[in-house]
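Below is one structure, written out as structure tokens; the observations come after it.
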Ligand SMILES: C[S@@+](CC[C@H](N)C(=O)[O-])C[C@H]1O[C@@H](n2cnc3c(N)ncnc32)[C@H](O)[C@@H]1O
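Residue numbers (our numbering): 31 to 314.
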């Protein structure tokens, strides 16, 4: 292994906290630790070292499939949505609950309704967490059922949607629009929304490189076009970071050739430097 190390740059949001889970096995689901690792891609930045974490797996036929885990990619992709949560929050998709763990700790979050379709996920969650570690747990209600049927009879300040298995899932935007049609939250975030924004920019076939169009004006145009009051509508850095996230994830996609992946990573990091979206002097 060479001595090469990635630059570690600060982001505009706090690092998410990882709750401690316990090894548990319930029916076709289990919670297990993940090993530590070196040189792992996060969502907004690469990491030189990643400590051990946790994952939820489901047995399908004879294979255990990882459904959720506390990898840097999963954790970092929730950062702007943790930062945006306030007041009464509806969370569509419990999963391992690390989004829930991070927002319950915020004093400005007063009530959280979590919508979860799969009771087995709920059972594994209940048996693998340590409730005394979950500050603010009394603010949460977990409602089992299809999130798409949920219609609150009270005002909702923030909706966070994460009910699909893959980052950049083609159904993500449509599902979020359907949830918001019923929930009517003042602000909305959805997992991997950066993919939808950058795809929207690419579809416009504007002249010049895509990153030059990743601007606040175009991000607000995207929010208007899709009819969603999305997070980060005032942040000049967010549209560039969205471009960086999508480029970094593409660089490690299984269908991307190794050489192209290296070029894409360099390109993403270059965009950050040009636009002073990050300050490398604070790095490492
Ligand atoms: C990727 S996980 C969410 C991870 C979560 N953000 C966390 O912090 O761990 C997606 C979750 O959404 C649930 N889900 C899928 N479709 C749903 C639906 N229509 N209504 C409610 N929950 C759903 C799945 O069972 C799963 O628990």
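Glycine included, each C-beta is placed from N, C-alpha and C at the ideal position.
Comparing alpha-carbon positions, the option among 154, 124, 137 lying closest to residue 144 turns out to be 124.
Residue burial is scored here from C-beta neighbours: residue 75 has at least 16 other C-beta atoms within 10 angstroms and is therefore classed as buried. Residue 157 sits away from residue 129, with the two beta carbons spaced by 8 Å or more. By alpha-carbon distance to residue 42, the top candidate from 268, 230, 303 is 268. Boundaries of the beta strand (DSSP E) harbouring residue 190: 188-191, taken from the DSSP string.
Non-local beta-carbon contacts of residue 68 in its own chain, meaning distances under 8 Å to residues more than five positions away in sequence, involve 31, 78, 79, 80 in chain order. Of the heavy atoms belonging to ligand 1, none sits nearer than 7 Å to the Cβ of residue 170. When C-alpha distances from residue 293 are compared across 284, 280, 303, the shortest belongs to 280. When 197, 276, 261 are compared, the shortest CA-CA separation from residue 228 is found for 276. At least one heavy atom of ligand 1 lies closer than 7 Å to the C-beta of residue 195. If you compare the alpha carbons of 44, 120, 93, 222 with that of residue 200, the shortest gap goes to 222. Judged by DSSP secondary structure, residue 85 falls within the beta strand (DSSP E) whose first and last residues are 83-90.
Contiguous beta strand (DSSP E) elements confined to the segment 169-247 occur at 170-174, 188-191, 217-220, taking only those with 3 or more residues.
Nearest in C-alpha terms to residue 54, of all of 120, 126, 133, is 126.
Here the segment 250-267 makes contact with the segment 204-213; the two share three or more CB pairs at distances below 8 Å. Beta-bridge partners assigned by DSSP to residue 260: 218.
A direct Cα-to-Cα measurement between residue 136 and residue 169 gives close to 11 Å.
When rounded, the separation of the alpha-carbon atoms in residue 73 and residue 119 is 24 Å.
Residue 78 carries a strand assignment under DSSP once its states are collapsed to helix, strand and coil.
Look at residue 106: its beta carbon is at least 7 Å from all of the heavy atoms in ligand 1.
Positions of the beta strand (DSSP E) runs, each at least 3 residues long and wholly inside the segment 100-159, are given as 117-122, 139-146 in order along the chain.
In this structure, residue 129 has its beta carbon less than 7 Å from a heavy atom of ligand 1.
Of the candidates 104, 102, 134, 161, the residue whose Cα lies closest to the Cα of residue 115 is 134. Across the structure, residue 40 and residue 91 are spaced so that their CA atoms are roughly 42 Å apart. The beta carbons of residue 117 and residue 187 sit about 3 Å from each other, so the pair counts as a contact at 8 Å. Counting along the chain, the unbroken alpha helix (DSSP H) around residue 270 starts and ends at 267-281.
Relative to ligand 1, residue 85 has its C-beta separated by 7 Å or more from all heavy atoms. Residue range 54-56 is occupied by the beta strand (DSSP E) that includes residue 56. A residue is called buried when at least 16 other Cβ atoms come within 10 angstroms of its Cβ; residue 155 meets this threshold and is buried.
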